[in-house]
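What follows is a short report on a single structure.
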């Protein structure tokens, strides 16, 4: 979806799996946090996570700039998750944990529902229902972007 809806084309074909686009905290009322702590991602901190992050949370627009992408995600979203998320290592390991060990692997969930990353129209309800059934019927929060190219 990012590759199809972004004015900057992806540098190479997307992998045939759905990947993480972000981990964005929200307040109990659903609004986005406003006052975030100011810390900078230290790439050395997450060195032992980069192999997994490159697969599940790649920078699909520039495969050589993963760290730059992750730095932006940390600054914009991760720092707003404090105190639930303590620091950058906790933020990125939480993404991996959610994707791998907590069975929130969206690619796997959607694949089981016969929804694959291909240029085929899917309704929002199809996607929401497939995800919801796999996460104890909690409703996922999706942000849709209008794609005029299809």
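In the numbering used here, the protein residues as written are 66 to 215.
Glycine residues also receive a C-beta, built at the ideal position from the N, C-alpha and C atoms.
Endpoints, alpha helix (DSSP H) assigned at residue i
i	result
residue 122	Segment: none, residue 122 is in no alpha helix (DSSP H) and carries neither H nor E.
residue 144	Looking at the DSSP string, residue 144 is not in any alpha helix (DSSP H), and its letter there is neither H nor E.
residue 96	Note, residue 96: premise wrong, no alpha helix (DSSP H); not H, not E.
residue 198	189-199
residue 83	Per DSSP, residue 83 belongs to no alpha helix (DSSP H) and is neither H nor E.
residue 153	153-161
Candidates the options, of which the one nearest residue i by Cα
i	options	result
residue 110	90, 74, 136, 87	136
residue 143	192, 159, 115	159
residue 85	93, 107, 117, 112	117
residue 119	185, 205, 82, 104	82
residue 146	204, 206, 104, 195	104
residue 107	172, 181, 134	134
residue 115	138, 97, 157	157
residue 195	163, 155, 173, 95	173
residue 205	185, 171, 177	171
residue 71	93, 95, 90, 127	127
residue 89	73, 139, 183	139
residue 141	203, 92, 197, 97	97
Residue i, buried or exposed, once every other Cβ within 10 Å from all chains shown has been counted against 16
i	result
residue 150	buried
residue 199	buried
residue 153	buried
residue 207	exposed
residue 214	Residue placement at residue 214 is flagged as unreliable, the pLDDT there being 46, under the threshold of 50; the coordinate-derived value follows with that caveat. Exposed is the call here.
residue 164	buried
6 angstroms Cβ shell around residue i - same chain, five flanking residues per side excluded
i	result
residue 130	124
residue 67	125
residue 102	144, 147
residue 192	none
8 angstroms contact criterion, which residue i and residue j should meet: CB distance rounded
i	j	result
residue 189	residue 180	Actually they are not in contact, since the Cβ atoms of residue 189 and residue 180 sit about 12 angstroms apart, beyond 8 angstroms.
Contact set for residue i: own chain, Cβ-Cβ below 8 angstroms, skip 5 residues either direction
i	result
residue 161	114, 117, 118, 121
residue 91	97, 98, 206
Own chain partners of residue i with C-beta closer than 7 angstroms, once the 5 adjacent residues on each side are dropped
i	result
residue 169	163, 200
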